[in-house]
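Mapping of the sequence shown onto our numbering: residues 158 to 432, in sequence order.
Glycine included, each C-beta is placed from N, C-alpha and C at the ideal position.
Presented below is the structure to which this report refers.
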Amino acid sequence: MNRVWLVTGASSGFGRAITEVAVAAGDVVVATARHTEAMRDLADAHPGQVEVLPLDVTDKARIEVVVRDVVDRHGRIDVLVNNAGRSHVGAAEETTDAELRSLFDLHFFGPAALVRAVLPQMRARRSGAIVQMSSMGGQMSFAGFSGYSATKFALEGFSEALVDEVRPLGIKVMIVEPGGFRTSLMDKISVSEEIADYAGTVGTTRRMVRNAGGTEPGDPAKAAAAILAALDAPQTPLHLPLGNDSVDAILTHLDAVRSDVTTWEKTARDTAYPQ
Ligand code: NDP
Numbered sequence: 158m159n160r161v162w163l164v165t166g167a168s169s170g171f172g173r174a175i176t177e178v179a180v181a182a183g184d185v186v187v188a189t190a191r192h193t194e195a196m197r198d199l200a201d202a203h204p205g206q207v208e209v210l211p212l213d214v215t216d217k218a219r220i221e222v223v224v225r226d227v228v229d230r231h232g233r234i235d236v237l238v239n240n241a242g243r244s245h246v247g248a249a250e251e252t253t254d255a256e257l258r259s260l261f262d263l264h265f266f267g268p269a270a271l272v273r274a275v276l277p278q279m280r281a282r283r284s285g286a287i288v289q290m291s292s293m294g295g296q297m298s299f300a301g302f303s304g305y306s307a308t309k310f311a312l313e314g315f316s317e318a319l320v321d322e323v324r325p326l327g328i329k330v331m332i333v334e335p336g337g338f339r340t341s342l343m344d345k346i347s348v349s350e351e352i353a354d355y356a357g358t359v360g361t362t363r364r365m366v367r368n369a370g371g372t373e374p375g376d377p378a379k380a381a382a383a384i385l386a387a388l389d390a391p392q393t394p395l396h397l398p399l400g401n402d403s404v405d406a407i408l409t410h411l412d413a414v415r416s417d418v419t420t421w422e423k424t425a426r427d428t429a430y431p432q
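In structure tokens form, the structure reads like this:
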């Protein structure tokens with residue numbers, strides 16, 4: 158039986174590449190984004206296999222309507238891909254409350270609402286998969302990415318608890334952590350108003366992202382193929398880093414966390430009440 162996918166942010170980059178590999182595998186994809194015209198060619202090329210629907214993931218009421226409509230017409234959603242996203246650079250002090258909340262709406266509250274909306278029918282069938290597009294910035298961070306990383310760390314924490322709850326019900330959860338991939342992400346990046354004192358730290362990140370578009374090492378088509386392979390594996394990983402940069406950054410970060418824990422282990426353990 159072919160699967161039914163619901164992909165958010167399918168109008169470009171990873172979402173489009175994931176749609177293409179799922180279609181090549183013979184599955185049906187409901188491709189969603191705010192701008193549906195960018196997905197029209199996919200629907201035209203694969204009639205009956207790609208369906209295009211408008212969905213802004215920050216619109217909770219619309220999420221309910223779309224999920225109900227897809228389940229009514231297709232009978233189920235087998236795979237949810239929470240992919241829609243946008244990047245942002247700003248020092249923690251520069252990033253406004255409104256900027257933070259807008260990133261959280263897009264990367265955390267929208268995906269959480271989609272998870273709640275698709276789970277009842279997945280639980281009923283004891284089957285399904287949820288793919289959470291995080292980032293290597295969901296495991297580690299550096300100057301300029303406090304807001305972006307905060308949302309991806311939140312998504313990862315949510316997903317680590319989620320997998321414990323739904324794995325016994327036959328539902329897979331996979332967190333994808335790409336490094337730099339050649340999508341439209343860098344072209345659409347937003348930046349906070351600058352404070353001069355952060356020129357030496359966040360300024361470096363601002364320059365890096367300004368010149369990054371089009372030179373990222375990662376190929377989204379290869380990432381999409383890797384996501385499909387991991388999803389179909391008998392042991393789907395909870396974490397799937399993608400790209401040399403992601404693997405290196407996450408391993409370095411894990412070493413740093415381990416070093417802090419072991420260096421301060423005795424102090425940490427000596428904080429219990431006497432037995
Ligand atoms: P793109 O800019 O190419 O794609 C982003 C997609 O998200 C578009 O389809 C856009 O469509 C959609 N989108 C943006 N805002 C909303 C919204 N409010 N509601 C619904 N859809 C929305 O970037 P990527 O493909 O790179 O990004 C996809 C995911 O991958 C993101 O979550 C990003 O954080 C993550 N990622 C990307 C990396 C990279 O190097 N490319 C690295 C690590 C993580 P539209 O504007 O039509 O709504």
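Straight across, the Cα-Cα distance linking threonine 428 with threonine 419 is about 15 Å. The nearest non-hydrogen atom of the ligand NDP is 8 Å or more from the C-beta of glutamate 256. Assignment of beta-bridge partners to glutamine 278 by DSSP yields no partner.
If the five residues before and after isoleucine 407 are omitted, its C-beta is found closer than 7 Å to the C-beta atoms of Met293, Gln296, Met297, Glu334 and Pro398, all from its own chain and listed in chain order.
Under DSSP, alanine 286 forms a beta bridge with Val236 and Lys329.
When C-beta atoms of the segment 266 to 286 are compared with those of the segment 213 to 220, three or more pairs fall below 8 Å, so the two segments count as touching. Here glutamate 373 carries a coil assignment [DSSP, helix/strand/coil].
C-alpha of aspartate 235 to C-alpha of arginine 426: approximately 44 Å in a straight line. Taking all protein chains in view, the Cβ of leucine 276 is crowded by 16 or more other Cβ atoms within 10 Å, so the residue is classified as buried. Inclusion of glutamate 373 in the 8 Å shell around the ligand NDP follows from its C-beta lying nearer than that to a non-hydrogen atom of the ligand. For threonine 424, there is no enclosing beta strand (DSSP E); the enclosing alpha helix (DSSP H) covers residues 422 to 426. Taking the C-beta atoms as reference points, isoleucine 332 is found no nearer than 9 Å to glutamine 392.
Taking C-beta atoms as the reference points, isoleucine 384 and valine 366 fail to come closer than 9 Å. DSSP places threonine 189 in the uninterrupted beta strand (DSSP E) bounded by 185 to 190. By the neighbour-count definition (other C-beta atoms within 10 Å, threshold 16), alanine 353 is an exposed residue.
Taken through DSSP and simplified to helix, strand or coil, glutamate 177 comes out as helix. Beta-bridge pairing by DSSP links leucine 397 to Val333.
Taken from the Cβ of glutamate 334, at least one heavy atom of the ligand NDP lies inside 8 Å. Counting along the chain, the unbroken alpha helix (DSSP H) around valine 223 starts and ends at 217 to 231. Distance from the Cα of valine 228 is smallest, within the candidate group Arg160, Ser259 and Leu263, for Arg160. Taken through DSSP and simplified to helix, strand or coil, phenylalanine 265 comes out as helix.
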